[in-house]
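Undergrad: These protein sequences, in sequence, are chains A and B. Under this note's numbering, think of the first position of the first sequence as 1, with each following residue one higher. Under this note's numbering, think of the first position of the second sequence as 1001, with each following residue one higher. Built from N, CA and C at the ideal position, the CB exists for glycine as well. If you're wondering where the values come from, they're calculated on a predicted model, not measured in any experiment. Can you read through this structure? Questions will come right after.
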Amino acid sequence: MIMETKHSIKPRRKRNRRPPVRSRGRTGRMNNGLARKGHRLARPIGRKGTAGSSSLQRLKSKALAAGVRAAAESKGAGQGSPHLQECFREWAQAERIDGMPYAAILTAALAYRRGYAEAAGLSSTWIPLPLKGSASAIVTASNEEKTLPAVIAELRKLPLKEIIVVLNGCNDGSFTAVDRDPRITRLSFPERLGHDVGRAIGAATATGDILLFLDGDLSVAAEDLAAFLLAVDRGEDLALNDLSPYLPPFSQQDEVTRCKAFLNLALGRADLKANSLTAVPNAMSRRALRTMGTAALIVPPKAQALALARGLKASAPISVDVIRKNRIRNSNSGAGNAVAKMIIGDHLEALGEVMKTEGVRLRFTTLGRSQIAKMRNAR
Amino acid sequence: MVKKRKPRPRLNRKPIQRKPTLPRLVNHPDPLVSIIIPAMNERATLAGVLREAGRVHPLSETIVVANGSTDGTAELAEACGARVIRTPEPLGHDVGRRVGAEAARGQALLFVDADMVIPARELRPYVEAVLSGVDLALNGYSGPAGRKEAHPVVLAKHVLNGLLQRSDLRGASLTAVPHAISRKGAETVGLEALEVPPLALARAVLLGLNVQAVHTVPVGKLNPARGRVRDKGKRVDPLTALVAGDHLEAIHWLLRQQGPRGGYSDLGRQRGKVR
Chain A
1 MIMETKHSIK PRRKRNRRPP VRSRGRTGRM NNGLARKGHR LARPIGRKGT
51 AGSSSLQRLK SKALAAGVRA AAESKGAGQG SPHLQECFRE WAQAERIDGM
101 PYAAILTAAL AYRRGYAEAA GLSSTWIPLP LKGSASAIVT ASNEEKTLPA
151 VIAELRKLPL KEIIVVLNGC NDGSFTAVDR DPRITRLSFP ERLGHDVGRA
201 IGAATATGDI LLFLDGDLSV AAEDLAAFLL AVDRGEDLAL NDLSPYLPPF
251 SQQDEVTRCK AFLNLALGRA DLKANSLTAV PNAMSRRALR TMGTAALIVP
301 PKAQALALAR GLKASAPISV DVIRKNRIRN SNSGAGNAVA KMIIGDHLEA
351 LGEVMKTEGV RLRFTTLGRS QIAKMRNAR
Chain B
1001 MVKKRKPRPR LNRKPIQRKP TLPRLVNHPD PLVSIIIPAM NERATLAGVL
1051 REAGRVHPLS ETIVVANGST DGTAELAEAC GARVIRTPEP LGHDVGRRVG
1101 AEAARGQALL FVDADMVIPA RELRPYVEAV LSGVDLALNG YSGPAGRKEA
1151 HPVVLAKHVL NGLLQRSDLR GASLTAVPHA ISRKGAETVG LEALEVPPLA
1201 LARAVLLGLN VQAVHTVPVG KLNPARGRVR DKGKRVDPLT ALVAGDHLEA
1251 IHWLLRQQGP RGGYSDLGRQ RGKVR
């Protein structure tokens, strides 16, 4: 009997160790595509029991009604995603929605869209967002014909100014997998550019105030991408993907994760944990791009280090699980693989770069050795 | 009710508490092992540390680097028979190790701290490892790593070992005592590098010395927390930034030796394609 109980406890404990992603905040209870397994969409809304969800309900019905009104007022002519976006932006500004938490904004946006689509008789999948600036998305892909259409489809739901697809070293149908659309720019390079080079090339071409980066091998829901756009639009310079919920305890973490955490720590941003520009999706402001220079993006940790050293605003506003869904290749699996080594090299390059201007000890400045001894051991 | 005490002859009288006898150290004239103990105001624990030091190896000398001490640390060490190096001013964290190493005459240098008593049987494995060919015999203690985020110093140690392609050492570091260094090892890394222990470790690994975590003594529990200062409302030990910064100095040296990427490939990035 005793043995049996022991056995029944063990696996349960193991399960509990997994991050409680779903139960976090009140996001788990919301629908409208907000609750998805493995996703934390935003910070919890409201601290007290039902008060938060009831105010969210009110917001939802208000947005729905506003959406219906917007569609009815325009009467057919000019209805479509730009009109929806413009109407929602004006309404959100008037109702002061833009200052709310991401989850609330998304709830309002989706309800508004539903009202608009129903009234206009359209089956709309667009997500309007209260953005002040314009946004560009940069997708890098190398032989991703299978996943690329899904990635683009999610991006097209968002109010983006442009979608830049940087294809390199493709010998499959990746090029034709990207549909023709005035919003989409295709840049194609016959040879492989190497890791992250496509991002820098895409960023050099982009004209938006917000730059959203993602990979062609992994489609991320538009609702999740919206949070990155909103974060930068609200004043963040770097919006990183918060991978902390998916990490194992420190003793089981890999070299790359530890390097990421150490770089942030050395630059006085321990609060960023192991979150890094190396992970997609991420977004940055044009100011960030100007500060660190387009070429720095070739080595994402270097770009991040420069941004942090220059005091730009950085945060990790949202979690998208890219670890579990990432395509496993020979080169990126297992300890000590080639890509992991490259990323470790990136972090060394990043540290070396900021040491040039910030000093070797970076933010670990302290008293001299003998002064510390005096402080700790003097009688 | 007050109980009246009856006068009674004391038969089982406890022996009078005498002062504990001081350990008697014998410094060998031509030692094989030098035990180096930097000490600043450590009278409380020093006698215990010296007693264990005397039991480590028959052919040994014990060197106490008494720096900045005002509590009679040096006198106590002398009374026990240790070789004493005195400096009136505090030498600074880890600097005493270099000063002690300069005076040492043995082939194996064992470093211990004066503020924690570690039994001799826990110290011998380091000495034995060095006497049988290891150049840096480290304490295998890696620090607590059960949570998602580790202490800055624990993180720094793991990262440095990883960058040196020695993940097998996990969080073992020359920063932690006890550890032992061969004479050849000390001369190869340079005695002055011992003042910045992570730098000495990086040099040892890159210069091809035999570096091993030979035995584990959980010093984290023995280390007293002290000297905390307030920083942004939190009490932090200034030593944390010092030790973490030491690791950056080691990384800086690595970059100078191995190039801007520390010898790691970037898998053929076409950097010239970006304007």
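Report yes or no: is there a C-beta of chain B within less than 8 Å of the C-beta of Phe-364 of chain A?
TA: As a first step, residue 364 of chain A is located in the first sequence; it is residue number 364 there, counting from the start. Closer than 8 Å to some Cβ of chain B, the Cβ of Phe-364 of chain A qualifies, so yes.
Undergrad: In the structure shown, what three-state DSSP assignment does Pro-149 of chain A receive?
TA: Counting from 1 along the first sequence, the entry for residue 149 of chain A is found at position 149. Reduced to three states, the DSSP call for Pro-149 of chain A is helix.
Undergrad: Give the residues from the segment 1173-1198 of chain B that approach chain A closer than 8 Å (Cβ to any Cβ), ordered along the chain.
TA: The residues in question are Glu-1195.
Undergrad: Which of the three DSSP states, helix, strand or coil, is assigned to Lys-10 of chain A?
TA: The sequence position of residue 10 of chain A within the first sequence is 10, counting from 1. Confidence at Lys-10 of chain A is low in this model, with a pLDDT of 39, below 50, so its placement is unreliable and no value can be given for it.
Undergrad: I want to see whether chain A comes within less than 8 Å of Glu-1075 of chain B, judged by CB atoms only; does it?
TA: On the second sequence, residue 1075 of chain B is found 75 positions in, with the first residue counted as 1. Taking Cβ atoms only, chain A never reaches closer than 8 Å to Glu-1075 of chain B, which makes this a no.
Undergrad: Between Val-197 of chain A and chain B, is any beta-carbon pair separated by less than 8 Å?
TA: Position 197 of the first sequence, counted from the first residue, corresponds to residue 197 of chain A. Closer than 8 Å: yes.
Undergrad: Could you say if the segment 1051-1063 of chain B and the segment 335-354 of chain A meet the contact criterion of at least three C-beta pairs nearer than 8 Å?
TA: With a cut-off of 8 Å, the segment 335-354 of chain A and the segment 1051-1063 of chain B do not count as touching, because too few Cβ pairs lie within range.
Undergrad: Using three-state DSSP, classify Leu-187 of chain A as helix, strand or coil.
TA: Within the first sequence, residue 187 of chain A is the residue found at index 187, counting from 1. Note: Leu-187 of chain A maps to strand in three-state DSSP.
Undergrad: Which residues in the same chain as Leu-230 of chain A place their Cβ atom closer than 7 Å to its Cβ, once the five residues preceding and following it in sequence are excluded?
TA: Here residue 230 of chain A corresponds to residue number 230 of the first sequence, with the count starting at 1. Only Tyr-102, Ile-105, Leu-129 meet the Cβ criterion.
Undergrad: Name the residues in the segment 1090-1114 of chain B whose C-beta lies less than 8 Å from a C-beta of chain A; which are they?
TA: Of all residues in the segment 1090-1114 of chain B, Pro-1090, Leu-1091, Gly-1092, His-1093, Asp-1094, Val-1095 have a Cβ within less than 8 Å of some Cβ in chain A.
Undergrad: What residue range is occupied by the uninterrupted beta strand (DSSP E) comprising Ser-319 of chain A?
TA: Counting from 1 along the first sequence, the entry for residue 319 of chain A is found at position 319. Ser-319 of chain A -> beta strand (DSSP E) spans 314-320.
Undergrad: If we ignore side chains and look at the alpha-carbon of each, how far apart do Lys-374 of chain A and Arg-1235 of chain B end up?
TA: Here residue 374 of chain A refers to the residue found at position 374 when the first sequence is read from its first residue. Here residue 1235 of chain B refers to the residue found at position 235 when the second sequence is read from its first residue. Near 18 Å, if we compare the C-alpha coordinates of Arg-1235 of chain B and Lys-374 of chain A.
Undergrad: Out of A:Ser-219, A:Gly-133, A:Ala-203, A:Arg-114, which one is the CA nearest neighbour of Arg-156 of chain A?
TA: For the purposes of this step, residue 156 of chain A is taken as residue 156 along the first sequence, with counting starting at 1. Nearest option by C-alpha distance: A:Ser-219.
Undergrad: Pro-1198 of chain B to Asp-1246 of chain B, Cα distance in whole Å?
TA: What you label residue 1198 of chain B is simply residue 198 of the second sequence in a count that begins at 1. What you label residue 1246 of chain B is simply residue 246 of the second sequence in a count that begins at 1. Rounded to the nearest angstrom, the two C-alpha atoms are 6 Å apart.
Undergrad: For the alpha helix (DSSP H) holding Asp-346 of chain A, just list the boundary residues, first then last.
TA: Indexing the first sequence from 1 puts residue 346 of chain A at position 346. Asp-346 of chain A -> alpha helix (DSSP H) spans 338-358.
Undergrad: If the cut is a Cβ gap below 7 Å, which residues of chain B does Met-342 of chain A touch?
TA: By one-based count along the first sequence, residue 342 of chain A stands at place 342. Chain B residues near Met-342 of chain A: Tyr-1264, Ser-1265, Asp-1266, Leu-1267.
Undergrad: Please specify which runs of the beta strand (DSSP E), each continuous and at least 3 residues long, are wholly inside the segment 1198-1230 of chain B, giving them in chain order.
TA: Whole beta strand (DSSP E) segments, 3+ residues: 1211-1215.
Undergrad: If you draw a straight line from the C-alpha of Met-284 of chain A to the C-alpha of Val-232 of chain A, how long is it?
TA: The residue labelled residue 284 of chain A in the question sits at position 284 within the first sequence. The residue labelled residue 232 of chain A in the question sits at position 232 within the first sequence. Those two C-alpha atoms are separated by around 6 Å.
Undergrad: Evaluate contact between the segment 1083-1103 of chain B and the segment 1066-1075 of chain B, counting only Cβ atoms and requiring at least three cross-stretch pairs below 8 Å.
TA: The segment 1083-1103 of chain B is in contact with the segment 1066-1075 of chain B.
Undergrad: Report the residue from B:His-1151, B:Val-1211, B:Leu-1209 whose alpha carbon sits nearest the alpha carbon of Gly-1220 of chain B.
TA: Mapped onto the second sequence, residue 1220 of chain B falls at position 220. Answer by Cα proximity: B:His-1151.
Undergrad: Could you tell me which of B:Arg-1226, B:Ala-1039, B:Met-1116 sits nearest to Glu-1078 of chain B, measuring between CA atoms?
TA: Stepping through the second sequence from its first residue, residue 1078 of chain B is reached at position 78. Glu-1078 of chain B has its Cα closest to that of B:Ala-1039, out of B:Arg-1226, B:Ala-1039, B:Met-1116.
Undergrad: Between the alpha carbons of Ala-309 of chain A and Ala-288 of chain A, how many angstroms are there, rounded?
TA: Translated into positions along the first sequence, residue 309 of chain A becomes position 309. Translated into positions along the first sequence, residue 288 of chain A becomes position 288. Rounded to whole angstroms, Ala-309 of chain A to Ala-288 of chain A spans 12 Å at the Cα level.
Undergrad: I want to know whether the segment 1193-1213 of chain B touches the segment 1163-1181 of chain B - three or more CB-CB distances under 8 Å.
TA: The segment 1193-1213 of chain B is in contact with the segment 1163-1181 of chain B.
Undergrad: Which same chain residues, not among the five before or five after Gly-1140 of chain B, have their C-beta less than 6 Å away from its C-beta?
TA: Locating residue 1140 of chain B in the second sequence gives position 140, where the first residue counts as 1. Result list for Gly-1140 of chain B: Ala-1172, Ala-1213, Thr-1216, in chain order.
Undergrad: Would you call Gly-115 of chain A buried or exposed, if buried means 16 or more other Cβ atoms sit within 10 Å of its Cβ?
TA: Residue mapping note: residue 115 of chain A aligns to position 115 of the first sequence, counting from 1. Under this definition Gly-115 of chain A is a buried residue.
Undergrad: Is the segment 181-192 of chain A close to the segment 151-166 of chain A, with three or more CB pairs under 8 Å?
TA: Verdict: yes, contact present.
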